[in-house]
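Chemist: In this note's numbering, the protein residues as written are 7 to 353. Dropping the structure in here first, questions after.
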Amino acid sequence: MRVLITGITGMTGSHLADYLLTRDNVEVYGTYRWRSRMDNLEDIKRAGRLNIIGEGSTVTDVAVLRSLVAEQGNPGKVNLVEGDMMDPYAMKRVIGAIRPDRIFHLAAQSYVPGSWAGPAETIQRNIIGQVNLLEAIREAGIDPLIHIAGSSEEYGLAYPNEVPIKESNPLRPMSPYAVSKVAQEMLALQYFRSYGLKAIVTRGFNHEGPRRGHVFVTSNLAKQIAEIEKGLRSPVILVGDLSSQRDWTDVRDFVRAYWLVLEKGEPGEVYNIGSGVARQVKDLLDILLSMSQVQVEVKVDPSRFRPSDVRLLLADASKFTQLTGWRPEIPFTQTLKDLLSYWRERV
Ligand code: NDP
7 MRVLITGITG MTGSHLADYL LTRDNVEVYG TYRWRSRMDN LEDIKRAGRL NIIGEGSTVT
67 DVAVLRSLVA EQGNPGKVNL VEGDMMDPYA MKRVIGAIRP DRIFHLAAQS YVPGSWAGPA
127 ETIQRNIIGQ VNLLEAIREA GIDPLIHIAG SSEEYGLAYP NEVPIKESNP LRPMSPYAVS
187 KVAQEMLALQ YFRSYGLKAI VTRGFNHEGP RRGHVFVTSN LAKQIAEIEK GLRSPVILVG
247 DLSSQRDWTD VRDFVRAYWL VLEKGEPGEV YNIGSGVARQ VKDLLDILLS MSQVQVEVKV
307 DPSRFRPSDV RLLLADASKF TQLTGWRPEI PFTQTLKDLL SYWRERV
């Protein structure tokens, strides 16, 4: 079966690619942009399992790309095809050439604070990008299973008597990013109802691990500690709001869940995925600091506060776990240990 991952160069996409390489009978394809950083695919490249289709050639036609995929596609490797979600023609080429059986749609502007800095760009990229993908699927006349990566941020404001959060909770988005994810979800469900596209939506609670972008809080704190250890910055850790609570899962557990979404999920349905444990950002910082010998001062940086922060995200993922039997297996401390090692190797 052919599986396409949009956003394969990101944290989750790259771990999903690692996971799919371990499965039989799965041909892995992924989209990248010409300026995408390939760092997250380094392990796959080092293992000799990265294949960039049509590298260096200018492809403007679906038939040309289809023949390149037929000539160069390698079932044992991760096959990359260039395509920016914002370009409807590029999406039509990619989908028309690969004709995937399954699609994991992960590509997005995924950083909540970035969506306050650039609301219009986030809205365009996440919503129009997905319209381009869904229309390309319709035009190709294929009938793939499609996973849409929604987010727990869609719930936004949840009152203490509304947690743990079920799929039936109200959606009260608190950022342009969250609004874009609600719209992605609504579009997916509308295409399911209008055209029968087999879209399944997840509302993923936070997932973390090696390759997490350095702006996200888990990675940011781990990176600062690694820099202090190497004497690259003074022993002062800058933090935002340490009291927010999140439900964190290891990304390597998460990609197993994503696979199960398309194995066992129902098209037109929405599933929460999360661990069911909420921790404060302060707990995360304390665990990271306990893994290091450095003595640090923790300093609040007001610029790190959000215009409206989601205080508490805690998943009730029972709909998904009862359907699939999925449970997170990697302890949070292991996730943080691996994340810190990741940054120690890189700073
Ligand atoms: P990352 O930011 O690590 O990855 C985002 C990916 O999207 C990158 O591969 C990026 O490519 C790609 N992308 C962005 N814009 C475009 C575009 N215009 N065309 C093509 N590709 C594009 O995110 P994550 O891996 O953390 O998240 C994956 C998905 O899961 C996202 O949709 C995110 O919103 C969602 N999600 C994530 C959660 C988390 O805790 N991690 C929680 C809930 C949902 P490039 O390398 O070129 O920039």
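Glycine included, every Cβ here is placed at the ideal spot set by N, Cα and C.
1) Can you list, in chain order, the stretches of the alpha helix (DSSP H) that have 4 or more residues and sit fully within the region 80 to 160?
2) What is the rounded straight-line gap between the Cα of ASN31 and the Cα of ALA155?
3) Heavy atom of the ligand NDP less than 7 Å from the Cβ of ASN212, yes or no?
4) So does the region 179 to 186 actually touch the region 225 to 237, counting three or more Cβ pairs closer than 8 Å?
5) In this structure, how does DSSP classify GLY274 when only helix, strand and coil are distinguished?
6) Straight-line CA distance for SER200 to ASP149?
7) Looking at the structure shown, is THR18 part of a helix, part of a strand, or coil, going by DSSP?
8) What first and last residue would you give for the beta strand (DSSP E) that runs through VAL9?
9) When the Cα atoms are used, what is the spatial distance from ASP307 to GLN251?
10) Using only CA atoms, which one of ARG258, LEU203, GLU303 lies nearest to THR18?
11) Three or more C-beta pairs under 8 Å: does that hold for the region 161 to 181 against the region 213 to 223?
12) What separation, rounded to the nearest whole angstrom, lies between the Cα atoms of VAL261 and VAL300?
13) Classify GLU351 as buried or exposed, calling it buried when 16 or more other Cβ atoms lie within 10 Å of its own Cβ.
14) Within 10 Å of its beta-carbon, does VAL9 have 16 or more other beta-carbons around it, so buried, or fewer, so exposed?
15) Can you tell which of SER296, SER73, HIS153, TYR95 has the C-alpha that lies nearest to the C-alpha of VAL276?
16) If you draw a straight line from the C-alpha of ASP289 to the C-alpha of PHE198, how long is it?
17) Is the region 140 to 148 touching the region 159 to 167 in the sense that three or more CB pairs, one from each, lie closer than 8 Å?
18) Return yes when the C-beta of MET192 is under 7 Å from any heavy atom of the ligand NDP, and no when it is not.
19) Would you mind reading off the limits of the beta strand (DSSP E) that contains ALA205?
20) Could you give the uninterrupted runs of the alpha helix (DSSP H) lying entirely in the region 16 to 61, keeping only those of 4 residues or more?
21) So the candidates are PRO81, GLU77, LEU71; which of them puts its Cα closest to the Cα of GLU88?
22) Can you name the start and end residues of the beta strand (DSSP E) that ILE336 belongs to?
23) Of the residues MET7, LEU74, VAL316, which one's Cα is nearest the Cα of ASN212?
24) Pull up the DSSP beta-bridge partners for THR255, would you.
Modeler: Quick answer:
1) 94 to 104, 118 to 123, 125 to 129, 135 to 146
2) Taking the first residue of the sequence shown as position 1, residue 31 is located at position 25. Taking the first residue of the sequence shown as position 1, residue 155 is located at position 149. In a straight line, the C-alpha of ASN31 is about 24 Å away from that of ALA155.
3) If you number the sequence shown from 1, residue 212 lands on position 206. Yes, Cβ of ASN212 sits closer than 7 Å to a heavy atom of the ligand NDP.
4) no
5) Your numbering for residue 274 matches position 268 in the sequence shown. Note: GLY274 maps to coil in three-state DSSP.
6) Position 194 of the sequence shown, counted from the start, is the residue given in the question as residue 200. Position 143 of the sequence shown, counted from the start, is the residue given in the question as residue 149. Answer to the nearest angstrom: the Cα atoms are 14 Å apart.
7) For the purposes of this step, residue 18 is taken as residue 12 along the sequence shown, with counting starting at 1. Of the three classes helix, strand and coil, the one that applies to THR18 here is helix, per DSSP.
8) Within the sequence shown, numbered from 1, the residue matching residue 9 stands at position 3. First-last of the beta strand (DSSP E) with VAL9: 8 to 12.
9) Residue 307 sits at position 301 when you count from the first residue of the sequence shown. Residue 251 sits at position 245 when you count from the first residue of the sequence shown. Computed Cα separation, rounded: 18 Å.
10) Taking the first residue of the sequence shown as 1, we reach residue 18 at position 12. Selected option, being the one with the closest Cα: ARG258.
11) no
12) For the purposes of this step, residue 261 is taken as the residue at position 255 of the sequence shown. For the purposes of this step, residue 300 is taken as the residue at position 294 of the sequence shown. Their Cα atoms are separated by approximately 33 Å.
13) As a position in the sequence shown, residue 351 is number 345, starting the count at 1. Label assigned to GLU351: exposed.
14) Start at 1 with the first residue of the sequence shown, and residue 9 comes out as number 3. The residue is buried, with at least 16 neighbouring Cβ atoms inside 10 Å.
15) Numbered from 1 along the sequence shown, position 270 holds the residue referred to as residue 276. Here the closest residue by C-alpha is HIS153.
16) Your numbering for residue 289 matches position 283 in the sequence shown. Your numbering for residue 198 matches position 192 in the sequence shown. Cα to Cα, the separation comes out at about 41 Å.
17) no
18) Here the question's residue 192 lines up with position 186 in the sequence shown. Not so, every heavy atom of the ligand NDP lies at least 7 Å from the Cβ.
19) The count along the sequence shown starts at 1 and reaches residue 205 at position 199. Where ALA205 is concerned, the enclosing beta strand (DSSP E) stretches over 204 to 210.
20) 17 to 27, 48 to 52
21) As a first step, residue 88 must be located in the sequence shown, where it is residue number 82. Answer by Cα proximity: LEU71.
22) Translated into positions along the sequence shown, residue 336 becomes position 330. Element bounds for ILE336: n/a, residue is neither H nor E.
23) Residue numbering aside, residue 212 sits at position 206 when the sequence shown is read from its first letter. Considering only alpha carbons, the answer is VAL316.
24) Reading the sequence shown from its first residue, position 249 is the one you call residue 255. Its beta-bridge partners are HIS213.
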